[in-house]
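Visitor: Numbering (our numbering), first residue to last: 4 to 143.
For each residue, glycine too, the CB sits at the ideal point set by N, CA and C.
Predicted, not measured: the structure shown is a model, and the values here were computed from it.
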């Protein structure tokens, strides 16, 4: 897939309930209590974004899942460039490009403190990222 397809995919996963936005990101809240942050960096240099979600009603631990596409991860154009933009690719080369051109993933845990969740996001040049923050349900 091309990077533009992933931008649409990330936006669709985030939903339409926008609760905040900045120059390089927007935040949505979902009915299940999760939050999504979609970030983009169209610059040629690294970008740091600091976001604090406030007035979080559910104390406890949250799982953060990220998907991202940049020049090193998931960019079919960068991989095709390594093949000198050859238009006569073999079946195996096309299959290889499809297999590796997916967003990278990362997962970690954070604790809500004083009704706030802080996220420090570092975007590489030409990167787009989806961050999903979901409350960990405690066993009852």
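Identify every residue that forms a DSSP beta bridge with residue 51.
Guide: Paired residues: 125.
Visitor: Rounded to whole angstroms, what is the Cα-Cα separation between residue 57 and residue 37?
Guide: If I take the Cα positions, the gap works out to 13 Å.
Visitor: Determine the direct distance from the alpha carbon of residue 14 to that of residue 20, and round the result to whole angstroms.
Guide: Residue 20 and residue 14: Cα-Cα distance of roughly 11 Å.
Visitor: The beta strand (DSSP E) with residue 33 in it runs from where to where?
Guide: No beta strand (DSSP E) holds residue 33; DSSP gives it neither H nor E.
Visitor: According to DSSP, simplified to helix, strand and coil, what is residue 73?
Guide: Coil.
Visitor: Provide the residue span of the beta strand (DSSP E) that contains residue 109, from first to last.
Guide: It spans 107-114 - the beta strand (DSSP E) in which residue 109 sits, taken as one unbroken run.
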